[in-house]
Amino acid sequence: MTRLFPGIALTAALLLCACSGPKERSVELPVITAANTVLIDIPKVDLTDSVTVLHVKSFFYPNWWIKIAPETYLLADGKKYAMTGAEGIVPGEEFYMPESGEAEFTLTFEPLPLSTKRFDFIEGDAQGAFRLWGIDLTGKEAAEFPDGLPKELKKTPADGPMPAPVYEIGKTTVNVHMLNLAPGMNVEAELYVTTMQHDQEEYPVKFDDSGNASVTFNLCGSAKAILVDNSSHRCFGSFWVAPGETADVYADMRITGDWAMSHRDRDDSSSRQTRFFAKGRFQDLNNNLAKDPKRDYMQIYSADFGDYHMTGDEYYKYVADQYSTLSDSIAAFDSSEMIKEYNQANLASMALLALTNYRFFVENNYRIVHNQWDRSVKVPADSIMTELAPQHYKDFAEKIDMTDDRLLMSDNQIFETELLEEAGVECDMLKAVALYREMSDKAKVGKLTDADRDSLRTLTNPFFAAACDSIAKWTREENEKWAGSDLVQPTPDVAVDKVFDAIVAPHKGKVVLVDLWNTWCGPCRGALKANEPLKDGELKSDDIVWIYIADETSPMPKYMEMIPGIKGLHYRVDSEQIKWIREHFSVDGIPYYILVDRSGKSAGHPDFRDHDKMVSEIKKALNE
Numbered sequence: 051m052t053r054l055f056p057g058i059a060l061t062a063a064l065l066l067c068a069c070s071g072p073k074e075r076s077v078e079l080p081v082i083t084a085a086n087t088v089l090i091d092i093p094k095v096d097l098t099d100s101v102t103v104l105h106v107k108s109f110f111y112p113n114w115w116i117k118i119a120p121e122t123y124l125l126a127d128g129k130k131y132a133m134t135g136a137e138g139i140v141p142g143e144e145f146y147m148p149e150s151g152e153a154e155f156t157l158t159f160e161p162l163p164l165s166t167k168r169f170d171f172i173e174g175d176a177q178g179a180f181r182l183w184g185i186d187l188t189g190k191e192a193a194e195f196p197d198g199l200p201k202e203l204k205k206t207p208a209d210g211p212m213p214a215p216v217y218e219i220g221k222t223t224v225n226v227h228m229l230n231l232a233p234g235m236n237v238e239a240e241l242y243v244t245t246m247q248h249d250q251e252e253y254p255v256k257f258d259d260s261g262n263a264s265v266t267f268n269l270c271g272s273a274k275a276i277l278v279d280n281s282s283h284r285c286f287g288s289f290w291v292a293p294g295e296t297a298d299v300y301a302d303m304r305i306t307g308d309w310a311m312s313h314r315d316r317d318d319s320s321s322r323q324t325r326f327f328a329k330g331r332f333q334d335l336n337n338n339l340a341k342d343p344k345r346d347y348m349q350i351y352s353a354d355f356g357d358y359h360m361t362g363d364e365y366y367k368y369v370a371d372q373y374s375t376l377s378d379s380i381a382a383f384d385s386s387e388m389i390k391e392y393n394q395a396n397l398a399s400m401a402l403l404a405l406t407n408y409r410f411f412v413e414n415n416y417r418i419v420h421n422q423w424d425r426s427v428k429v430p431a432d433s434i435m436t437e438l439a440p441q442h443y444k445d446f447a448e449k450i451d452m453t454d455d456r457l458l459m460s461d462n463q464i465f466e467t468e469l470l471e472e473a474g475v476e477c478d479m480l481k482a483v484a485l486y487r488e489m490s491d492k493a494k495v496g497k498l499t500d501a502d503r504d505s506l507r508t509l510t511n512p513f514f515a516a517a518c519d520s521i522a523k524w525t526r527e528e529n530e531k532w533a534g535s536d537l538v539q540p541t542p543d544v545a546v547d548k549v550f551d552a553i554v555a556p557h558k559g560k561v562v563l564v565d566l567w568n569t570w571c572g573p574c575r576g577a578l579k580a581n582e583p584l585k586d587g588e589l590k591s592d593d594i595v596w597i598y599i600a601d602e603t604s605p606m607p608k609y610m611e612m613i614p615g616i617k618g619l620h621y622r623v624d625s626e627q628i629k630w631i632r633e634h635f636s637v638d639g640i641p642y643y644i645l646v647d648r649s650g651k652s653a654g655h656p657d658f659r660d661h662d663k664m665v666s667e668i669k670k671a672l673n674e
């Protein structure tokens, strides 16, 4: 009798296995490993024997449209599963977002095997189409660290005092490594470097097929760098670099999946994992910041900061009270001491900025309240009663150490030191940095004089004079490199107030569009990219002349790199010339457009930032 039991047991086991195979199921909030968009999310997937259903949420500007290509498919284990239907959206047609900026629809596909662990969403094969990679159906927690991350970066970064700035000069190399790069995932990025003189230089990051890139640049003093994704304009991570070093940074591309899932109310560990790592001189600071990015700063640029009705005493108390409250909050953080010190330095610099630049902030509040953003229209003098007194600065100087150069490792460093000086507050370090910024601006355009050099040599720290000499040398070398290039038109040798007329005069009888821009202006670059196709499209005409005017704040290497891709006539004017043009046309920012009709009459057009408006007005001018 007992000899029958093994056979019975085996049969029962087989029946059990047959009953416990893959089942139809719904997966809520599947983790998206990587994505090339933040416009769509897939919060639910239904798997059945006959169909796979994706519940899709989209997020975009109200009244803007998205489109789902009819050839959209899912990819799992190397096999494609075609889209078979949709509800709430018509594939191939423009879907306009409602006023809420959010919409939901479902897409159905040929059935994925019920045992599928993960799949990719591929919205057709056109360039720029939506891609969501590694949509996980297992619910298992992913590895904490990305493959390829050096072993030493998996350790907890060391704690200790917040590092001081580095006063050195040299060539810095940043090697960028994208880890967990999905197949077919093309990454385009820019590296923005904010220097000690508070300039922001931009460097394109060109990746190879493995997701590696290298960027080299001259640097004076420590600087903060930000690696930004070009497609989403989101930040992979930020880090500090020093002159003369070779730093390696590693971005876990799972951060792009986090961005796609950012609208979810998530409480899973993946949403809190570190996605950015750095090796280099500031390694411990950078990795502490990446691990613990808590901030509790003043929102000095928000609509809620300050009140233009405040008296000087009220405004000072408002800032000082915020500083004390937030300082106590930072001290109570469950953070490393290094991060606490870093946050305290940023808080102190923000409060100092809010006090020394108080006129800007109360006027900003007035403009917010009155929706008055035409800066050519001055705020009525009798509308603002705020006036800080010397005693206010003396009182605040007792709260922070203004000789601590770690203030230069903060995100806000542009202070009006004259008010501190008038109050008798010791601020030699801040004065030195202010002079350095003024002199470095002159060095960048080749206008640093011997008298300027003498003033820099009176400073206690010899770094500032040496840095300006280096900047002047680099500028001279770049100018010599591009001397004689026919890419840039010679600026007419006329009086400042005649330069603009002299630039457009040769084209009388034609319609001239003048674009004021600079290399460092993000909206300018976006507008250039959008407008360039017009020249061979809607506005293709021999009767249109495209003129581009930048000024000397556009660094020569970047400027010369960009302009070959911008069809038209290019001029690079000096500070006095661009100042006159801006004042004459009441330029409120860039990009800014000036339309010159066939008769030579010119008019400023900030409204041409509206692409459709620009096209219609130029067509109208052509027909006159």
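Numbering-wise, this note's numbering comes out as the position in the sequence shown, counting from 1, plus 50. Positions of the beta carbon are idealized from the N, C-alpha and C atoms, including for glycine. These numbers come from a predicted model, not from an experiment.
- Secondary structure of D170 (DSSP, three-state): strand.
- Taking 3 residues as the minimum length, the beta strand (DSSP E) runs contained wholly in the stretch 502-576 are 561-566, in order along the chain.
- When C-beta atoms of the stretch 547-554 are compared with those of the stretch 507-516, fewer than three pairs fall below 8 Å, so the two segments do not count as touching.
- Non-local C-beta neighbours of F169 in its own chain, meaning closer than 7 Å and more than five positions away in sequence, comprise L124, L125, A126, L162 and I185, ordered along the chain.
- Secondary structure note for V265: its beta strand (DSSP E) is the uninterrupted segment N262 to C270.
- Less than 8 Å divides the Cβ of S636 from the Cβ of G654.
- Between the alpha carbons of H661 and A577 lies a distance of about 8 Å.
- DSSP places D662 in the uninterrupted alpha helix (DSSP H) bounded by H661 to L672.
- By the criterion of a C-beta distance shorter than 6 Å, S666 is surrounded by no residue of its chain, once the five residues flanking it on both sides are discounted.
- I82 has I185 as its beta-bridge partners, per DSSP.
- About 7 Å separates the CB atoms of V243 and F267; that is less than 8 Å, so the two are in contact.
- Judged by beta-carbon spacing, S312 lies beyond the 8 Å limit of K344, meaning their Cβ atoms are not closer than that value.
- CA-CA distance, V419 to W630, rounds to 30 Å.
- Under the DSSP assignment, Q394 falls in the alpha helix (DSSP H) whose first and last residues are E387 to T406.
- Taking a cut-off of 8 Å on C-beta distances, the stretch 82-95 touches the stretch 181-195, as three or more cross pairs fall below it.
- Rounded to the nearest whole angstrom, the CA to CA distance from Y111 to S150 is 8 Å.
- Exclusion of the five residues before and after D502 leaves M489 and K492 as the residues of its chain whose Cβ lies within less than 7 Å of its Cβ.
- Distance between H283 and A301, taken at the CA atoms: about 15 Å.
- Taking the C-beta atoms as reference points, M479 is found no nearer than 8 Å to M400.
- In the displayed model, L498 falls within coil according to three-state DSSP, outside both helix and strand.
- Distance from the CA atom of G174 to the CA atom of I92, rounded to whole angstroms, is 17 Å.
- Excluding sequence positions up to five before and after N113, its CB lies within less than 7 Å of the CB of Y146 and M147, all in the same chain and listed in chain order.
- Partner residues in a beta bridge of V88, as assigned by DSSP, do not exist.
- Taking C-alpha positions only, E602 is separated from P540 by approximately 14 Å.
- By the Cβ neighbour-count rule, T134 is exposed, with fewer than 16 other Cβ atoms within 10 Å of its own.
- Boundaries around T467 are those of the alpha helix (DSSP H), T467 to E472, since no beta strand (DSSP E) includes it.
- Assignment of L438 by DSSP, reduced to helix, strand and coil, places it in the coil class.
- In the structure shown, E252 falls within a strand segment according to DSSP collapsed to helix, strand and coil.
- Beta-bridge partners of W290 (DSSP): K274.
- Under the three-state reduction of DSSP output, Y217 falls in the coil class, being neither helix nor strand.
- In this structure, A395 lies away from M452, with their beta-carbon atoms at least 8 Å apart.
- Nearest Cα to L672 within the set E238, P141, I628 and V561: V561.
- Under DSSP, D302 forms a beta bridge with L229.
- Listed as beta-bridge partners of H620 by DSSP are Y598.
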